[in-house]
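In UniProt numbering, the protein residues as written are 1 to 141. Where is the CB? At the ideal position from N, CA and C, for every residue including glycine.
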Amino acid sequence: MDTAVRTDTRDGAADRDRFLAGIVDILCIVGIVLIGRISHNGNPIAEPIASLETVTPFVVGWLAAAALAGVYAADRAGASREFRLPAVAWIAAANVGLMLRGSPLFDGGATWPFPVVITATGLTALLGWRLVYILYLSATR
Numbered sequence: 001m002d003t004a005v006r007t008d009t010r011d012g013a014a015d016r017d018r019f020l021a022g023i024v025d026i027l028c029i030v031g032i033v034l035i036g037r038i039s040h041n042g043n044p045i046a047e048p049i050a051s052l053e054t055v056t057p058f059v060v061g062w063l064a065a066a067a068l069a070g071v072y073a074a075d076r077a078g079a080s081r082e083f084r085l086p087a088v089a090w091i092a093a094a095n096v097g098l099m100l101r102g103s104p105l106f107d108g109g110a111t112w113p114f115p116v117v118i119t120a121t122g123l124t125a126l127l128g129w130r131l132v133y134i135l136y137l138s139a140t141r
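Spelled out as structure tokens, the structure:
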């Protein structure tokens, strides 16, 4: 008697948490890039296409690197992976974003010290919100 048995279960809460983490990550990336644009006299409201061109390379880089690193994988157990995976993924994503931004596909460039600034700011934002969230969870449990 051969029967297929489904052994995996879907944890809806975990799926929702991973989805929300992805949304917060993308919002952080969009936020830091737009803040940088504003600090260089850009206006995201008046220049939405230019702002989208500035944000897109880094969001594309993040989506690719996060998927390859398994940032949102179901089996990522352990607190150290909660920080290590996004850190490695962001360093890769920032480089992908910088390469795309410096390519003919997008308007803009990646002159010094922009690579250092975007990498450090992204690490601070992506790891910072995770740290705050973990501290919040530990305080409320």
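A straight line joining the alpha-carbon of PRO48 with that of ASN41 spans about 14 Å. Shown here for ALA93: same chain residues with a beta carbon closer than 6 Å to its own, the five before and five after excluded, namely GLY61, TRP62, ALA65 in chain order. For ILE91, the CB contacts under 7 Å within the same chain, skipping 5 residues up- and downstream, are THR119 in chain order.
Every alpha helix (DSSP H) stretch that sits fully inside the segment 3-48 and reaches 4 residues is listed by chain position as 12-39. Taking a 10 Å sphere around the C-beta of LEU20, we find fewer than 16 other C-beta atoms and assign the residue as exposed. In the three-state reduction of the DSSP assignment, VAL59 falls in the helix class, which pools H, G and I. In this structure, TYR72 lies near GLY22, with their beta-carbon atoms less than 9 Å apart. In the three-state reduction of the DSSP assignment, PHE114 falls in the helix class, which pools H, G and I. Shown here for GLY109: same chain residues with a beta carbon closer than 6 Å to its own, the five before and five after excluded, namely GLY102 in chain order. Taking a C-beta distance under 9 Å as the contact criterion, PRO86 and LEU137 do not qualify as a contact pair. Between LEU34 and VAL55 the beta-carbon gap is near 7 Å, inside 8 Å, which marks them as a contact. Non-local C-beta neighbours of TRP129 in its own chain, meaning closer than 7 Å and more than five positions away in sequence, comprise VAL24, CYS28, ordered along the chain. Straight-line spacing of the CA atoms in PRO115 and ALA139 works out to 36 Å.
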